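Let me begin by presenting the structure, written as structure tokens, before commenting on it.
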Amino acid sequence: MAQEFRTIQERTMPDNVRPQVLYNISGDARAEFKILDLRDRIRNGTLNPQDQIAIVGTDLWKPASDFPELTRYFSLVKPAATPGLAAPSAKPQTPAASLGSRIVPGLAYPFTDITSIIVIVAVALLRAATPLLSIIFSMLASVYALGVIRKSSEGQTSAPSAGEVGNIGEWIMSFVRVIAVSLISAWPILAVTILAFMGLVRSPAIFGIALLVMLLYYPASLATIAIWKSIKIALSVQQIFRFIGILGIEYYAVIGMWFVIVFGIAFGMSLIHLALGSTRLFAVIEIAVQTWSTLYASHLLGWAVYRHRDQL
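Going left to right, the sequence shown walks through residues 1 to 312 as the working numbering numbers them.
Quick look at the structure:
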């Protein structure tokens, strides 16, 4: 009874005398915000209902609109009805074009901006020149792929420029995030390996299942850091599977498309190898096609996010 009375009392007391609860905002997780700070951000338009936030000390990231204490502030920023006129009716949003509608047009997506063309050519040529530079540019291509996911998740159907991906500092931070998430996403393989050393796992099939889980988990992790720029969300297995659940069949369709492309490239390159052999030209073509496929799949993943953005 005392706990219930205290809860009711906290709900009815003014904002400035409530017990202080601190919040993290995705993409700015190091900073801590009070409820009034969030109110001000809502008023000036820098905090949107779909932005992910969490109470400090927890790992439960949710859209800001899911927090009851913020609902009132979001309702107050909605446009009011003009005196003498009927209030504007809420029109249902036209759903984004289906994922299927981007499968064929998306094939040309990596060639719609000079930046993406340079990325493909640079990665391919440097592979033939020196493996070290190829590895570095391959990681930069992964950073660019994050930009592709982010801009596609906003409904953009052309590849982003280098400036749209971010400044030099943002490229570097994204580079660090890609490495971190790549290591984090290997947890199924790591877990099975540890169990194998302990003698608890012996079946090769378990390793195959772990690899499949990692391949399903990794794209979602990349998408979360692309959209929210938060390693903390990528660390949360709960949030990653929530993300996959919201995208639903479209997420698995993208993964399926990626598998088809990978096997298709492998088959096609085996035929080209018969004609060219293990030449430098063959290596250039192979890496160029693989980089193209990464950007294409990233666009499809971003578009799937775009279709479900309001639910995330």
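A virtual CB, placed ideally from N, CA and C, is assigned to each residue, including glycine.
These numbers come from a predicted model, not from an experiment.
Beta-carbon within less than 7 Å of residue i's beta-carbon, same chain only, minus the 5 sequence neighbours each way: which residues are those?
| i | result |
| --- | --- |
| H273 | F282 |
| I189 | A210, L211, M214 |
| T112 | S158, A159 |
| L38 | Y23, L47, L70 |
| P110 | S116, I120, A159, W292, L295, Y296 |
| G163 | none |
| Q265 | First, the amino acid is wrong: residue 265 is Ile here, not Gln. Cβ within range, chain order: V289, Q290, S293. |
| S236 | D59, W61 |
| M139 | F175, V178 |
Nearer than 8 Å: is that true of the beta carbon of residue i relative to any heavy atom of the ligand SAH?
| i | result |
| --- | --- |
| S134 | Ligands in the displayed structure: none, and consequently the ligand SAH is not present. |
Helix or strand or just coil, what does DSSP make of residue i?
| i | result |
| --- | --- |
| P105 | helix |
| F67 | coil |
| Q52 | strand |
| E154 | coil |
| K229 | coil |
| A31 | strand |
| I136 | helix |
With a threshold of 6 Å on Cβ separation, who are the neighbours of residue i within its own chain once the five nearest residues in sequence on each side are excluded?
| i | result |
| --- | --- |
| I25 | I53 |
| S161 | D113, T115 |
| S203 | none |
Please say whether residue j and residue i have beta carbons closer to each other than 9 Å?
| i | j | result |
| --- | --- | --- |
| H299 | S101 | no |
| L146 | V178 | yes |
| L293 | I255 | The amino acid occupying residue 293 in the given sequence is Ser; Leu does not appear at that position. Not a contact, by the Cβ cut-off of 9 Å. |
| I206 | L216 | no |
| A108 | I285 | no |
| I312 | I246 | Note on residue identity: the sequence assigns Leu, not Ile, to residue 312. In contact: L312 and I246 (Cβ atoms closer than 9 Å). |
| R127 | I287 | yes |
Hey, how far is the Cα of residue i from the Cα of residue j?
| i | j | result |
| --- | --- | --- |
| L301 | V165 | 17 Å |
| I8 | V21 | Low per-residue confidence applies at I8: pLDDT is 44, beneath 50, and the placement is therefore not dependable, though the value from the model is reported in the following sentence. Computed Cα separation, rounded: 16 Å. |
| P219 | V305 | 12 Å |
| T130 | Q290 | 18 Å |
| D59 | A234 | 11 Å |
| F243 | K62 | 11 Å |
| A159 | V121 | 15 Å |
| G106 | I149 | 13 Å |
| A97 | M257 | 18 Å |
| M198 | A191 | 11 Å |
| G169 | V119 | 18 Å |
| S270 | Q156 | 34 Å |
| S174 | V143 | 6 Å |
| R72 | I35 | 12 Å |
| A253 | I172 | 31 Å |
| G268 | T279 | 16 Å |
| F33 | I55 | 9 Å |
| I249 | H308 | 12 Å |
| L133 | L183 | 21 Å |
| F137 | V176 | 14 Å |
| A141 | G45 | 32 Å |
| T224 | A186 | 16 Å |
| D40 | E154 | 25 Å |
| L222 | Q238 | 15 Å |
| L76 | G57 | 29 Å |
| G208 | P68 | 43 Å |
Residues in the same chain with beta-carbon distance under 8 Å from residue i, minus the five sequence neighbours each way, listed in chain order, please.
| i | result |
| --- | --- |
| F74 | I42, P49, A64, S65 |
| L99 | E250, A253, V254, L300, W303, A304, R307 |
Check whether the Cβ of residue i lies closer than 9 Å to any Cβ atom in chain B.
| i | result |
| --- | --- |
| A180 | Absent from the structure is chain B; it holds one protein chain and no more. |
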